[in-house]
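>
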Amino acid sequence: MNSRIGILGAPITVAQPIDGVDLGPQSIRYAGLVDRLADLNLAISDYGDVPVTNERSHHVDPKTNLRNLPIIAKNNQLIADYVYDVKKKGDFPLVLGGDHSIAIGTIAALHHFYKNLGVIWFDAHADLNSGDTSPSGNIHGMSLAVSLGIGHDQLTDIHGKRAKIKPENTVIIGARSVDQGERELIQDLGIKVYTMHDLEKYGITHVMEDAIGYLHERVDGIHLSLDVDGIDPTYTPGTGTPVSGGPTYRETHLAMSMLYDAQLLTSMEVVEVNPLLDQGNKTAEIANDMIAAFFGEKYC
-1 MNSRIGILGA PITVAQPIDG VDLGPQSIRY AGLVDRLADL NLAISDYGDV
49 PVTNERSHHV DPKTNLRNLP IIAKNNQLIA DYVYDVKKKG DFPLVLGGDH
99 SIAIGTIAAL HHFYKNLGVI WFDAHADLNS GDTSPSGNIH GMSLAVSLGI
149 GHDQLTDIHG KRAKIKPENT VIIGARSVDQ GERELIQDLG IKVYTMHDLE
199 KYGITHVMED AIGYLHERVD GIHLSLDVDG IDPTYTPGTG TPVSGGPTYR
249 ETHLAMSMLY DAQLLTSMEV VEVNPLLDQG NKTAEIANDM IAAFFGEKYC
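Residues in the sequence shown are numbered consecutively from -1, following the working numbering.
1) Rounded to whole angstroms, what's the CA-CA distance from V32 to M(-1)? Just pull it up for me.
2) For Y192, which of W119, N136, I26 has the nearest alpha-carbon?
3) What residues match up with E267 in a beta bridge as DSSP calls it?
4) Quick check: the Cα distance between K86 and S43, rounded to an integer number of angstroms?
5) To the nearest angstrom, how far is it from the Cα of N74 to the Cα of M140?
6) So, helix, strand or coil for A209, using DSSP?
7) Between which two residues does the beta strand (DSSP E) containing H169 stretch?
8) Across the segment 48 to 68 and the segment 218 to 235, are there enough close Cβ pairs to call them in contact, namely three or more that are closer than 8 Å?
9) Work out the CA separation of K280 and T307 for me, nearest whole Å.
10) For I42, list the residues DSSP reports as bridge partners.
11) Could you spell out where the alpha helix (DSSP H) holding T281 opens and where it closes?
12) Taking R174 as the reference, which of D196, Y80, K162 has the closest Cα?
13) So the candidates are D83, L108, Y112, D125; which of them puts its Cα closest to the Cα of S99?
14) Within the chosen definition, does the segment 104 to 118 reach the segment 34 to 52 through at least 3 CB pairs nearer than 8 Å?
15) Considering only the beta carbon of each residue, do L213 and N167 sit closer than 8 Å?
16) In this structure, how does DSSP classify G116 when only helix, strand and coil are distinguished?
17) With DSSP as the reference, please indicate the residues paired to H150 in a beta bridge.
18) What is the rounded straight-line gap between the Cα of P49 and the Cα of K72?
19) For T203, name the three-state secondary structure that DSSP assigns.
20) With burial defined as no fewer than 16 other Cβ atoms inside 10 Å of the residue's Cβ, what is the status of R216: buried or exposed?
21) Could you give the C-beta distance for P15 and N127, rounded to a whole number, given that I count them as a contact under 8 Å?
22) Applying the 10 Å Cβ sphere with the 16-neighbour rule, what's the burial state of H123?
23) Pairs of beta-carbons, one from the segment 0 to 12 and one from the segment 75 to 94, closer than 8 Å: are there three or more?
24) How big is the Cα-Cα spacing for H221 and L262?
25) Give me the Cα-Cα distance between V268 and L92, rounded to the nearest whole angstrom.
26) Using only CA atoms, which one of K190, V226, D225 lies nearest to G211?
27) With distances taken Cα to Cα, identify the nearest neighbour of H109 among T131, S132, D83.
28) So what's R65 in DSSP terms, helix, strand or just coil?
29) Measure the CB-CB distance between D17 and K113 and report whether it falls below 8 Å.
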């Protein structure tokens, strides 16, 4: 894993309906991220935040069943440009969200650097909806689908036409809130999904070993997209779409440590920290714990 870390904030909030997630990057930084990574002998460059705009409308366009499409597309184009520059400098991109729509821009940028980019999607949700299947029209629930080339052209064509990743190079971990249209897409595309049932049945160690081994055979780079609502909301109250019954703090920490030990990951993003919903910045601190574990911090 690259020891040069490039931190970039991507404070989009308009791809979901609740104010405050745009404050996520600063809350994670405030919890001591840079000092903590520096203690791991990593070279840190903080490039600040992408200058996105968050002028929201709560109206769903009846033609597309999408909310705030033009501004989200523009913001993710900016994110893709900035992430591309960080990666081109030779840094390991660490992107702080913002809502999960930022993955559209992040993955669009990263796909230029790999022939077969893999993605680990650690999330309570599959984020595989489109305008055709979404119950809400909120684009943060569509970002993985967009990266697979499914969705509106304004989103799928950022930094190149259509798909940025392949279904067989995609792994979802911790899923427990999946819409019917997403279930059908998972079956049709053969996407590898470890639900909470799998984690409970086999344990986090087996699931992570299996996921790492599965991707290792297929890809030349792996991006981790960590949504804090993937963790049980007992530990991460400061997020907009919590789903009970998720991995514990210790299970998630072990998962991040195992990803570090595998030395296969080439980029990371952490999303959906909302300090306006939080309890004393607890969720941002948990996010820091997971980032630190991902970069090699051990208990002793």
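Beta carbons are placed, not taken as given, at the ideal position from N, Cα and C, and that holds for glycine.
In short, the structure shows the following:
1) Here residue 32 is taken as the residue at index 34 of the sequence shown, counted from 1. Here residue -1 is taken as the residue at index 1 of the sequence shown, counted from 1. Whole-angstrom Cα-Cα distance: 18 Å.
2) Working through the sequence shown from its first residue, we reach residue 192 at position 194. Looking at the Cα atoms, W119 is the closest of the given residues.
3) Indexing the sequence shown from 1 puts residue 267 at position 269. According to DSSP, which records beta bridges pairwise, E267 is partnered with V93, S223.
4) Within the sequence shown, residue 86 is the residue found at index 88, counting from 1. Within the sequence shown, residue 43 is the residue found at index 45, counting from 1. Across the structure, K86 and S43 are spaced so that their CA atoms are roughly 14 Å apart.
5) Mapped onto the sequence shown, residue 74 falls at position 76. Mapped onto the sequence shown, residue 140 falls at position 142. Their Cα atoms are separated by approximately 13 Å.
6) As a position in the sequence shown, residue 209 is number 211, starting the count at 1. The answer is helix: DSSP assigns A209 an H, G or I state.
7) Within the sequence shown, numbered from 1, the residue matching residue 169 stands at position 171. As written in the sequence, residue 169 is Val, which differs from the His given in the question. Where V169 is concerned, the enclosing beta strand (DSSP E) stretches over 168 to 173.
8) Between the segment 48 to 68 and the segment 218 to 235 there are fewer than three inter-stretch CB-CB distances shorter than 8 Å, so the stretches are not counted as touching.
9) The question about residue 307 has no answer here: the residues shown for the chain are numbered -1 through 298.
10) Locating residue 42 in the sequence shown gives position 44, counting from the first residue. BP columns for I42 point to I3.
11) Start at 1 with the first residue of the sequence shown, and residue 281 comes out as number 283. Segment 280 to 292, the alpha helix (DSSP H) holding T281.
12) Translated into the one-based positions of the sequence shown, residue 174 becomes position 176. Considering only alpha carbons, the answer is D196.
13) Here residue 99 corresponds to residue number 101 of the sequence shown, with the count starting at 1. Residue D125 is the option with its Cα nearest to S99.
14) No, because fewer than three Cβ pairs between the segment 104 to 118 and the segment 34 to 52 fall closer than 8 Å, the two stretches do not touch.
15) As a working note, residue 213 is residue 215 in the sequence shown. As a working note, residue 167 is residue 169 in the sequence shown. For L213 and N167, yes; Cβs fall inside 8 Å.
16) Here the question's residue 116 lines up with position 118 in the sequence shown. DSSP places G116 in strand when its eight states are reduced to three.
17) Mapped onto the sequence shown, residue 150 falls at position 152. Answer is none; H150 lacks a bridge partner.
18) By one-based count along the sequence shown, residue 49 stands at place 51. By one-based count along the sequence shown, residue 72 stands at place 74. Straight-line Cα distance between these residues: approximately 11 Å.
19) Reading the sequence shown from its first residue, position 205 is the one you call residue 203. DSSP places T203 in helix when its eight states are reduced to three.
20) Numbered from 1 along the sequence shown, position 218 holds the residue referred to as residue 216. Result: exposed.
21) Here residue 15 refers to the residue found at position 17 when the sequence shown is read from its first residue. Here residue 127 refers to the residue found at position 129 when the sequence shown is read from its first residue. Between P15 and N127, the beta carbon gap of about 15 Å keeps them out of contact (Cβ cut-off 8 Å).
22) Translated into the one-based positions of the sequence shown, residue 123 becomes position 125. When all chains shown are included, H123 counts as buried.
23) Yes, the segment 0 to 12 is in contact with the segment 75 to 94.
24) The residue labelled residue 221 in the question sits at position 223 within the sequence shown. The residue labelled residue 262 in the question sits at position 264 within the sequence shown. If you draw a straight line from the Cα of H221 to the Cα of L262, it comes to about 9 Å.
25) The residue labelled residue 268 in the question sits at position 270 within the sequence shown. The residue labelled residue 92 in the question sits at position 94 within the sequence shown. Each residue's alpha carbon lies about 8 Å from the other.
26) Reading the sequence shown from its first residue, position 213 is the one you call residue 211. Per the C-alpha coordinates, the member of K190, V226, D225 positioned closest to G211 is K190.
27) In the sequence shown, residue 109 corresponds to position 111, counting from 1. Ranking the options by Cα distance to H109, first place goes to D83.
28) Locating residue 65 in the sequence shown gives position 67, counting from the first residue. Reduced to three states, the DSSP call for R65 is strand.
29) Locating residue 17 in the sequence shown gives position 19, counting from the first residue. Locating residue 113 in the sequence shown gives position 115, counting from the first residue. No, they are not a contact pair.
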